[in-house]
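In this note's numbering, the protein residues as written are 547 to 1119. What follows is a single structure, written as structure tokens, with notes after it.
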Amino acid sequence: MGKSGAEKTSTPRTPIGVWLAGPLASFHLIVTVSVLLTVLGLVMVLSASSVEAYAADGSAYSLFTSQLIFTVLGAALFYVALRLPIRLLRRVSFPALIISVVLLVMVLIPGIGDEVGGGRRWFTIGSLSLQPSETTKVVLAIWGAHLLASRRRENATIKEMIIPLVPVSMLIFVLVVLEPNLSTTIALGIIVVALLWFAGLPLKIFGALLGGGVTLAIIAGFTAGYRSARIRAWLNPGADSQGADYQSRQAKYSLADGGLFGRGLGQSRAKWSYLPNAHNDFIFAILGEELGFIGCAVVFGLFALFAYTGMRIAARSLDPFLKLMVSTATVWTIGQAFINIGYVVGLLPVTGLQLPLISAGGSSTAMTLFMFGVIANAARHEPAAIAALQAGREPRFWRLLRLPSPEPYSPQDPFGVRSKQARKAKAKKRPVGTQPAMGKTRGGPPGAGKYVAGKPGKPAQPRKAPTKQPQPRAGQMSAGRPTAARTPKPAKQSPPKRSQSAQRAGHTAAGASGAESWRAEAWEGPRPRRSWGEQPPPRAAGWRDGGQSGDPAGGGRPPRRRPAVFDRERRMS
């Protein structure tokens, strides 16, 4: 017998496919890629910087020690980013942007920012140097994603999407170019382009902005002498082999010496002062020389795996903010790696962009690890991961880090229940009446009939208090059926205070039934004690059965339990 169509088309899943279908596969992938790139970068920095560090300080480990300190700081930031709530990340993005702009202004002030190599880009704290432009890249990606995600929820126009983001980005571009630092400006441009692309900007406007950005980059490239010299050397390779084209030429020689398997770790010749900045901008050439084509292929594979993981996380996330942020960070990291490798092999002019997590760069390494931690945090917020963690399927690595449980995304409350936006939305639905005391969201009294309308764009309209429809009387028809006679319940109100003689006389008042006397005693409480030998007042008929026997119009109420005061009077009498 032939197999069915479903059996023919179905193929057995491989173990890798089964593992990738797991709920926490994205989290494990991003953590693994981060660890492998960081370890590989530390090994290559130690190998490539040993000769230059020994010539400068007499110790082959001075540059490696500085890189190791920033790597430990980056690992701490990675852990903080893992535990950071998404709503808090969005809330602090704008204050962090303001601080970053202030730092970019301060680094340009003589006496505050240090001038190294003709540019003011660093703050020096002891033996460590901090570069504020590296922090600005991460902050701009997070704030831009938060801004565009908020405007996207509000159905903003194209003008409202561009106006907040582009002017702020242009201000940052100007401050970075004044350092001068064209390489970081290119990275910032990649971030802005990725944000606008993934936000769904129309192609015409996107093409116009992209064309304008490329034109400004070309103009900035030809304004400075060393930049124009690098571009001319790239357009005419070999024309200035001892000048502007020297680094690119030596890098190609290093890659050619590596061959297929490389010369071995620590056996590079180019790092012996043949290739300047061997541990920083051109570390990929040293990696190719010592590890060969196999080592370069491993680097390509790690960055390709990171690109796949980042786009996988962005596609599986429900939060528009996480989608924009993760996809933008992925494009920015892969674009920076492509530009670095491109100018090392001669495909692009030399720009000075570093290879993420592999090149020696303290601030760049720390902030890149923080960004990787944010992406790993986004992987924890995938719907499948949240369901698995809530079901108690926490891996051992998860329990070791003591990570908090992720909060599921809610389109009605994207900022969290404690956010300012959530409190504003809740205040619109609060009834108008007595103001809540001590911050409690308590409504007005039961008699308050007016409420504030919670719909935007409409004036507040008072709501009418619900009115009780009159009940049909006995014998009348209601919905085709006769209704039984029913006596309306008397309104509950506190009886006026009376003297003892009036209270005693109330039990024998004319027209007072046993049920009414029982209600009065229940309101007034037990009567005062009588003197010895005093006879109790006569009781109304029907007091034992709640007014059914003594009061025919008692409404047919069921018999009630006698109050304890009657039992006490009976024993006394």
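Where is the CB? At the ideal position from N, CA and C, for every residue including glycine.
Three-state secondary structure assigned by DSSP to residue i
| i | result |
| --- | --- |
| glutamate 1062 | Bear in mind that a pLDDT of 47 at glutamate 1062, under 50, signals an unreliable position, so the number given afterwards is only what the model happens to contain. If DSSP states are grouped into helix, strand and coil, glutamate 1062 belongs with the helices. |
| tryptophan 689 | helix |
| leucine 755 | helix |
| phenylalanine 839 | helix |
| asparagine 923 | helix |
| isoleucine 832 | helix |
| proline 954 | coil |
| alanine 790 | coil |
| valine 638 | coil |
| histidine 1122 | The question about residue 1122 has no answer here: the residues shown for the chain are numbered 547 through 1119. |
| arginine 776 | helix |
| tryptophan 743 | helix |
| threonine 897 | coil |
| leucine 947 | helix |
| methionine 984 | Residue confidence is low: methionine 984 scores 45 on pLDDT, short of 50, so the model does not pin down where it sits. No coordinate-derived value is stated. |
| serine 572 | helix |
| asparagine 886 | helix |
| isoleucine 904 | coil |
| arginine 862 | helix |
Spatial distance of residue i from residue j (CA atoms)
| i | j | result |
| --- | --- | --- |
| valine 579 | leucine 588 | 14 Å |
| leucine 693 | valine 714 | 12 Å |
| leucine 935 | methionine 652 | 45 Å |
| proline 641 | alanine 695 | 17 Å |
| lysine 705 | alanine 754 | 14 Å |
| alanine 567 | arginine 697 | 33 Å |
| serine 800 | glycine 834 | 7 Å |
| alanine 736 | tyrosine 600 | For the record, residue 736 in the displayed sequence is isoleucine; it is not alanine. Each residue's Cα considered, the two are about 37 Å apart. |
| arginine 559 | leucine 570 | 18 Å |
| alanine 956 | aspartate 865 | Per the sequence presented here, residue 956 reads as serine, with alanine not at that position. Answer to the nearest angstrom: the Cα atoms are 8 Å apart. |
| glycine 827 | leucine 893 | Here the sequence assigns aspartate to residue 827, which means glycine is not the residue at that position. For aspartate 827 and leucine 893, the distance between alpha carbons rounds to 15 Å. |
| glycine 841 | glycine 812 | 14 Å |
| tyrosine 792 | leucine 946 | 50 Å |
| methionine 871 | isoleucine 751 | 21 Å |
| leucine 747 | methionine 707 | 8 Å |
| serine 593 | serine 905 | 12 Å |
| alanine 860 | proline 656 | 43 Å |
| alanine 802 | glycine 757 | 36 Å |
| serine 774 | isoleucine 644 | 33 Å |
| valine 845 | isoleucine 709 | 39 Å |
| alanine 602 | glutamine 613 | 16 Å |
| alanine 745 | arginine 667 | 31 Å |
| proline 863 | leucine 634 | Sequence inspection shows serine at residue 863; the proline mentioned does not correspond to that position. Cα to Cα, serine 863 sits roughly 18 Å from leucine 634. |
| serine 909 | glycine 898 | 15 Å |
| glycine 597 | glycine 759 | Here the sequence assigns valine to residue 597, which means glycine is not the residue at that position. Answer to the nearest angstrom: the Cα atoms are 40 Å apart. |
| isoleucine 921 | leucine 575 | 11 Å |
| alanine 931 | isoleucine 885 | 34 Å |
| isoleucine 671 | leucine 781 | 40 Å |
| isoleucine 615 | glutamine 677 | 15 Å |
| leucine 649 | glutamine 788 | 38 Å |
Neighbourhood of residue i by C-beta, 8 Å cutoff - its chain only, sequence neighbours within 5 removed
| i | result |
| --- | --- |
| threonine 731 | Phe719, Val722, Val723, Ala763 and Ala766 |
| leucine 711 | Gly690, Leu693, Leu694, Val738, Leu741 and Leu742 |
| methionine 913 | Gly620, Leu623, Glu680, Thr681, Lys683 and Val684 |
Neighbourhood of residue i by C-beta, 7 Å cutoff - its chain only, sequence neighbours within 5 removed
| i | result |
| --- | --- |
| valine 564 | none |
| glutamine 796 | Ala816, Tyr820 and Leu821 |
| leucine 903 | Leu583, Thr584, Gly587, Thr911 and Thr914 |
| phenylalanine 506 | Only positions 547 to 1119 of the chain appear in this structure, which leaves residue 506 out of reach. |
| threonine 617 | Thr584, Leu588 and Thr911 |
| arginine 776 | Ala790, Pro895 and Val896 |
| serine 729 | Thr897, Gly898 and Leu899 |
| aspartate 786 | Ala779 |
Cβ-based neighbour list, residue i, same chain, cut-off 6 Å, excluding 5 preceding and 5 following
| i | result |
| --- | --- |
| phenylalanine 839 | Leu806 |
| isoleucine 887 | Phe830 |
| glycine 919 | Phe624, Ala627 and Leu628 |
| glutamate 725 | Gly665, Arg666 and Arg667 |
| leucine 868 | Ala924 |
| aspartate 660 | Trp668 and Thr670 |
Residues bridged to residue i [DSSP beta-bridge criterion]
| i | result |
| --- | --- |
| leucine 676 | Phe669 |
| glutamate 661 | Arg666 |
| proline 656 | Gly659 |
Below-8 Å beta-carbon distance, residue i vs any chain C residue
| i | result |
| --- | --- |
| glycine 757 | Looking for chain C here will not work: only one protein chain is present. |
The ligand MN heavy atom lying under 7 Å from the CB of residue i
| i | result |
| --- | --- |
| tryptophan 878 | The ligand MN is not part of this structure, which contains no ligands at all. |
- Would the region 871-880 and the region 841-858 be scored as touching if the rule is three or more Cβ pairs under 8 Å? yes
- Task: Check whether the region 605-618 touches the region 921-933, counting contact only when three or more Cβ pairs, one atom from each stretch, lie closer than 8 Å.
- Result: no
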